[in-house]
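Numbering (our numbering), first residue to last: 210 to 818.
Glycine residues also receive a C-beta, built at the ideal position from the N, C-alpha and C atoms.
The structure appears right after this line, and notes come after that.
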């Protein structure tokens, strides 16, 4: 129901546009300030079996006036008689017949004024160009003057005469030029556009044959060129009725090719519309070949039923396609709708008996049609450019992402290689320390014990050196966490505690969180912890040393006899390990706080950050 309602609304839309165009159209035959409009005449019909002159009974008519010639009629022409008074001006006078159909023979006061009207020559088609003629002084008479216009037709069709202007030559010539430009000039411009666009569309089709229907456009432009040639140069067409038939057929072909182009271009696959277009096109061509009127309309006019259905289906495709934005669809529907409305005015003017159209705009319809086709392709090219830009941007993003991944990979490989080199260097240093300085310290300590000369100061210095070296080796072993480093200190110092009959009370749970856990910072913290433990073991006489950790602090406490901080602060570090000054300096360097509380009940060292 929705599709049916839409298809029904499209003819109503075209009809509304046609009515609006005619209401807004300017008067095609206005009054002139420097001339006279002749819209009243006397007319009589000429018959094929009558002797010249056969016009005896003239009938008053009002211009424009149309006579339809049927197949069974003997009428071959219409004779019109117009009268006008000679103006008082001495300027050169002229006349213009803006529109006549078909061949016109014009006489002014019995003197032939129209060119190309030899009695024995072929008929000169005048139905798509205005006729202009100067009226020199000898032609005009004082008072009343008469213009005789005889219209003849080489084939069945219409004889039509529209208002004629007489006046000063300059004004009349301007009227003739404006009408010529609007009618014949625009049609000839359309022929040029059709030829140029046909070549461009053919080249575009050769470059892109992937099924967008572009191959139909050169055929449509060829049909428009043939039909336009018949309108613009009717006297330069091949003789015979077959060319007239070919020109009508080309108009049908243009509508059909345009429908097929839009159907393929917008990927519309409605079987109903496809069948309707082909069926009505076949019916229209059959009517054209039969040549019989249908419902009072000539065969040529009735044959356009297929063109009308094709136009309706074209607008339906443009309205329903989802491939273009709504604003672009509205613009295309208006362009094609206006083109169809202008074409309707030309059809009504050509095939209705009565004159109901103020201003036929068939030539404008073709121009709007070219504009609609061009707009469609421009939108397609714009969309292709947008897709290309989106694809290019996507590719650039992927390239940037992959480049960043490669850079990160190279950096990771560099870091990994650097770590390998550092690990190898650490391994070498640990071996050098262990086998070199460590071995010498152990040998020296063994010599001291075996020599029988006990020097407490030297022994303490050697033990401190061994402990410090062990701590350095442990710190070089891996990226230690604080809890792991404390565990290594425990393992290293437990033999010292055993020799002094002391033990650890270990309360290390979890892992303290340090802001800058670099290797040097952890090593510096462990040196302070080691110094606090060794001082408690060697100097306080404590038998229990407690190591406790919190989230951001470490406690080392003992149950020894304490010490005098003032005296200890003045002691040189070489006399006993780091000394308080060294411990405080190291804590300051690594950015932590150190508090020492001592009494006769023991000492507590608090590291916190």
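Residue i and residue j closer than 8 Å at C-beta
{"i": "residue 579", "j": "residue 440", "result": "no"}
{"i": "residue 422", "j": "residue 474", "result": "yes"}
{"i": "residue 768", "j": "residue 756", "result": "no"}
{"i": "residue 424", "j": "residue 459", "result": "no"}
{"i": "residue 272", "j": "residue 370", "result": "yes"}
{"i": "residue 758", "j": "residue 726", "result": "no"}
{"i": "residue 384", "j": "residue 503", "result": "no"}
{"i": "residue 227", "j": "residue 434", "result": "no"}
{"i": "residue 367", "j": "residue 277", "result": "yes"}
{"i": "residue 230", "j": "residue 550", "result": "yes"}
{"i": "residue 301", "j": "residue 378", "result": "yes"}
{"i": "residue 818", "j": "residue 707", "result": "no"}
{"i": "residue 799", "j": "residue 734", "result": "yes"}
{"i": "residue 245", "j": "residue 213", "result": "no"}
{"i": "residue 297", "j": "residue 382", "result": "no"}
Residue span of the beta strand (DSSP E) that contains residue i, given as start and end
{"i": "residue 753", "result": "753 to 758"}
{"i": "residue 312", "result": "312 to 317"}
{"i": "residue 249", "result": "249 to 256"}
{"i": "residue 270", "result": "268 to 271"}
{"i": "residue 715", "result": "712 to 716"}
{"i": "residue 709", "result": "Element bounds for residue 709: n/a, residue is neither H nor E."}
{"i": "residue 277", "result": "274 to 278"}
{"i": "residue 340", "result": "340 to 344"}
{"i": "residue 532", "result": "Premise fails: residue 532 is in no beta strand (DSSP E) and is neither H nor E."}
{"i": "residue 302", "result": "302 to 306"}
{"i": "residue 357", "result": "353 to 361"}
Host alpha helix (DSSP H) of residue i (start-end)
{"i": "residue 416", "result": "395 to 416"}
{"i": "residue 793", "result": "788 to 799"}
{"i": "residue 743", "result": "728 to 748"}
{"i": "residue 374", "result": "No alpha helix (DSSP H) contains residue 374, which is instead part of the beta strand (DSSP E) from 373 to 377."}
{"i": "residue 485", "result": "480 to 499"}
{"i": "residue 542", "result": "535 to 560"}
{"i": "residue 222", "result": "211 to 233"}
{"i": "residue 473", "result": "450 to 474"}
{"i": "residue 519", "result": "514 to 529"}
{"i": "residue 439", "result": "425 to 441"}
{"i": "residue 511", "result": "508 to 511"}
Minimum C-alpha distance to residue i - residue among the options
{"i": "residue 311", "options": "393, 332, 300", "result": "332"}
{"i": "residue 505", "options": "478, 557, 354", "result": "557"}
{"i": "residue 482", "options": "523, 334, 392", "result": "523"}
{"i": "residue 316", "options": "302, 307, 290, 309", "result": "290"}
{"i": "residue 450", "options": "733, 497, 254, 675", "result": "497"}
{"i": "residue 544", "options": "584, 399, 591", "result": "584"}
{"i": "residue 718", "options": "698, 818, 692, 738", "result": "692"}
{"i": "residue 773", "options": "789, 761, 700", "result": "789"}
{"i": "residue 490", "options": "507, 542, 464", "result": "464"}
{"i": "residue 254", "options": "285, 569, 372", "result": "285"}
{"i": "residue 542", "options": "610, 211, 220", "result": "220"}
{"i": "residue 760", "options": "728, 712, 816", "result": "816"}
{"i": "residue 299", "options": "287, 250, 376", "result": "376"}
{"i": "residue 569", "options": "608, 592, 391, 701", "result": "391"}
{"i": "residue 596", "options": "308, 533, 297", "result": "533"}
8 Å CB neighbourhood of residue i in its chain, flanking five on each side removed
{"i": "residue 783", "result": "Residue placement at residue 783 cannot be trusted, given a pLDDT of 48 that sits under 50; what the coordinates show is reported in the next sentence. If we look at residue 783 and ignore the five residues flanking it on each side, it has no Cβ neighbours."}
{"i": "residue 318", "result": "348, 349, 350, 354, 355"}
{"i": "residue 809", "result": "770, 771"}
{"i": "residue 466", "result": "425, 426, 428, 429, 432"}
{"i": "residue 443", "result": "334, 336, 337"}
{"i": "residue 512", "result": "457, 461, 493, 494, 496, 497"}
{"i": "residue 508", "result": "496, 497, 499, 500, 501, 502"}
{"i": "residue 222", "result": "524, 546"}
{"i": "residue 567", "result": "231, 234, 236, 237"}
Cutoff 6 Å; reference residue i; Cβ partners in own chain excluding five residues on either side
{"i": "residue 537", "result": "588"}
{"i": "residue 411", "result": "427"}
{"i": "residue 813", "result": "766, 806"}
{"i": "residue 486", "result": "468, 518, 519, 522"}
{"i": "residue 702", "result": "742"}
Chain-order list of residues whose beta-carbon lies under 7 Å from that of residue i (same chain, five-residue window excluded)
{"i": "residue 786", "result": "Residue placement at residue 786 is poorly supported in this model, since its pLDDT is 48, which falls under 50; the coordinates are not used for a value here."}
{"i": "residue 646", "result": "678"}
{"i": "residue 548", "result": "574, 577, 578, 581"}
{"i": "residue 393", "result": "337, 338, 441"}
Please determine if the segment 238 to 250 and the segment 568 to 577 are in contact, where contact requires at least 3 C-beta pairs separated by less than 8 Å.
no
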